[in-house]
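In the numbering used here, the protein residues as written are 450 to 681.
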């Protein structure tokens, strides 16, 4: 037999637990800061990108990375680059704009290049039509360098979710935007809730119904049970 007071205790206990669960786990967005210096320190020790374009037989070496943050909240990396083809050599700069990318499997953020790197040699840019090096089309070289740098960036974790950000009942996380700050970027991520949060809402609703049932239908109406009746 379930007494009035027992139902009240069960109902209030379930209501408290479910309310706390919603307060802790129900999150529509999360945000955090990533400093420019932390990204710079990731790039400096191992940033040495070299290769050779099979299509043009032009070799390249990229060194000395320098990280800045654009007004749009993107990460901009610029480095020195050396091109060589036989005895010919050219010096210039390489630059790319990267955006944060979230990898669910690792619960971490990486950088990725949404478009392509840009080379500048003698005032001419690879983003200009007809850009060539020693009369050879540089488009295959740009594509190869972009893929190579993206592979490099895929090994560099710029931020890992931890602590309170791992307590949320999220089915999917996605980056909404990144905003420039005084010393880096502020990343805002949207949170898509999993089914567990809806189960929590159901438990909350059920606990309220249990309390209401005990209040109105067992013994006298109210929180006290003068007759000591129960529900079989």
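C-beta: ideal position from N, C-alpha, C; glycine also.
Here the structure is a predicted model, which is why all the values come from computation and not from measurement.
Candidates the options: which alpha carbon is nearest residue i's?
i	options	result
residue 610	600, 599 and 624	624
residue 584	537, 592, 593 and 486	537
residue 505	573, 582, 605 and 601	582
residue 560	566, 551 and 571	551
residue 477	565, 521 and 641	641
residue 630	662, 518 and 530	518
residue 562	574, 595, 573 and 534	595
residue 590	549, 503, 491 and 463	503
residue 493	602, 588, 457 and 569	602
residue 569	527, 485, 606 and 658	527
Given that a residue counts as buried once 16 or more other Cβ atoms are within 10 Å of its Cβ, and exposed if not, what is residue i?
i	result
residue 681	Below a pLDDT of 50, predicted positions are generally treated as unreliable, and residue 681, at 46, falls in that range; the measurement from the model is reported next regardless. Exposed, since its Cβ has fewer than 16 Cβ neighbours within 10 Å.
residue 509	buried
residue 627	buried
residue 553	exposed
residue 665	exposed
residue 469	exposed
residue 453	buried
residue 496	buried
residue 499	exposed
residue 461	exposed
residue 578	exposed
residue 566	buried
Using DSSP's beta-bridge definition, name the partner residues of residue i.
i	result
residue 482	635
residue 621	641
residue 525	517 and 546
residue 532	509 and 539
residue 564	Paired residues: none, contrary to the question.
residue 649	DSSP, once it has assigned bridges, lists no residue as partnering residue 649.
residue 629	634
Which residues bound the alpha helix (DSSP H) around residue i?
i	result
residue 589	588 to 602
Does any heavy atom of the ligand NAD sit closer than 7 Å to the C-beta of residue i?
i	result
residue 487	With respect to small molecules bound, the structure shown includes none, and the ligand NAD cannot be examined in it.
First and last residue of the beta strand (DSSP E) that includes residue i?
i	result
residue 549	537 to 552
residue 670	No beta strand (DSSP E) holds residue 670; DSSP gives it neither H nor E.
Mind checking if residue i is an interface residue toward chain D, Cβ cutoff 8 Å exclusive?
i	result
residue 470	Checking the listed chains, one finds no chain D in this structure; it contains a single protein chain.
Sequence ranges, beta strand (DSSP E) only - wholly within the stretch 459 to 512, length at least 3: 478 to 484 and 498 to 502
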